[in-house]
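Single-structure report; data block below.
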Amino acid sequence: MVTPGAADFVEMPLTTSNETESDGEWRRLMAAAQAGDRAAYERLLRDILPFIRAIVARQHRTQDRVEDAVQDVLLTLHRVRHTYDPSRPFTHWLATLARRRSIDLLRRKSRLAAVETADQTAYETFADPGANSEQERRDWSGALSGALAALPERQRQAVELTKLRELSLAEASAASGMSIGALKTNVHRAIKAMRKRLTGVRE
Amino acid sequence: MREATEQIIERLVADAQPVRRLRPPTLRAALWLIAVAAIAAGAILLFSDLGVMADRLRDPKLQVEMVATLLTGIAAVVASFHLSLPDRSPAWALLPLPFLAVWIASSGYSCWQHWISFGPDGFELGESAHCLRFMLAISIPLGVSLLLLLRRAAPLTPVGVAAVGGLGVGGIAAFVLQFFHPFDVTFMDLAVHLGVVAVIVAVASLIERASQRRAA
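Here it is, written out as structure tokens:
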């Protein structure tokens, strides 16, 4: 890692003795890759994956993000591979590149996070009104049974029989003992009362 | 996710054409500076009044100022080539600063003297407008060619690299300007010179920032 040319480095990458050993090998592979040796390039890219993962894992916590960053680093490495000078340490070149891209990615993500709304908090405002109905039904069912329970006994019975159990007026009349006219009047009043109550709740 | 990484590796390997390595940054900077020096020398010999210049150069203050201006330009250009590589220390950006300080101090001193002799008249734009046009006219071709070279390296911190490169271009433009500028620097001149350098730095940074946004 420490060569005369490295004197002007300010930050040193993660250095363990293991990496010092691999640096010579990576240098050689990278130089070969620059010359177009695909086998050397493939070995190098697979070899350096854990090293890149370790660096980007400092900025990114979840597995997905780490892997996103690793891929970004690989693409960048490929794009700027002509800037590597094989007389200098490869580990340092790679570590700076990885850290830089990883931080850039983090900034990009937080920029996005600042202007986007998380899905969980946006569930009531889907662009398609139909998509809201499921949630609305859940919100409304409590209010609806409350409004139903608050009705006078005869009105509640009329709604239950004709609307919820979907009996015909004749069947409902037989079951409740109310005349057909009384059923119609009670259903009408019940719905009016519930509408008033529920609209009141809503506002 | 890891499978996607595998696929990327395969794609990159398949695309691994041989690449031409960049030459060492100091060499690349030197080549650019030599080309610029050749063009500037031609223009100075053809169009400037060297007799007047020789007279003015008897003043040691002007000597200091011109050397500082030139060194600011050269140092900033060399630094920008280094900074354009991924693995060079960001401390390279500090290289031109001592020269910049001497430049500001020395031309500031002669302004102050003019302030004494001319009073507030030194504040008029007058001839400075000419300097402004001149410096911009030099800086645009210099700046474009330098930015193109710096981008060959695909810098990771492009805005900073462009800013240092812009300082280099500004310094060189201010130096060349001295040959076409048959009087000492007034306060307004100093403001215009440094102002133009700042504008060049800002424009270079903005161009880079905009192109980064597009790329992202």
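These protein sequence lines are chains A and B, in that order. Take the first sequence: its letter number 46 is residue 46 in the working numbering, and every next letter is one higher. Take the second sequence: its letter number 143 is residue 1143 in the working numbering, and every next letter is one higher. Note that CB positions come from ideal geometry on N, CA and C, so glycine has one too.
- Neighbours of residue 1019 of chain B in chain A, taken as residues whose beta carbon is under 7 Å from its own, are 34, 81 and 82 in chain order.
- For residue 1066 of chain B, the uninterrupted alpha helix (DSSP H) segment begins and ends at 1060 to 1083.
- Each residue's CA atom was taken as its position, placing residue 39 of chain A and residue 30 of chain A some 11 Å apart.
- The three-state reading of DSSP puts residue 41 of chain A in helix, counting H, G and I together.
- Taking 8 Å as the upper bound for CB-CB distance, residue 1196 of chain B and residue 1160 of chain B are not in contact here, some 20 Å apart.
- Taking a cut-off of 8 Å for Cβ pairs, the region 1079 to 1093 of chain B and the region 87 to 98 of chain A touch, as three or more such pairs fall below it.
- Per the C-alpha coordinates, the member of A:27, A:72 and A:64 positioned closest to residue 1012 of chain B is A:72.
- With contacts defined as CB atoms closer than 8 Å, residue 77 of chain A and residue 1009 of chain B fail to qualify as a contacting pair.
- In the three-state reduction of the DSSP assignment, residue 1170 of chain B falls in the helix class, which pools H, G and I.
- Contacts between residue 1002 of chain B and chain A, judged by CB atoms closer than 7 Å, involve 67 in chain order.
- Under the 10 Å beta carbon count, residue 1049 of chain B is surrounded by fewer than 16 other beta carbons and is classified as exposed.
- Of the residues assessed, residue 1034 of chain B falls on the exposed side of the cut-off, its CB having fewer than 16 other CB atoms within 10 angstroms.
- Looking from the CA of residue 1142 of chain B, the closest CA among B:1019, B:1039 and B:1025 belongs to B:1039.
- Here DSSP, grouped into helix, strand and coil, assigns residue 1017 of chain B to coil.
- Taking 8 Å as the cut-off, the beta carbon of residue 178 of chain A is found closer than this to the beta carbon of residue 186 of chain A.
- The DSSP-derived three-state label of residue 91 of chain A is helix.
- Of the candidates B:1073, B:1175 and B:1099, B:1175 places its Cα closest to the Cα of residue 1044 of chain B.
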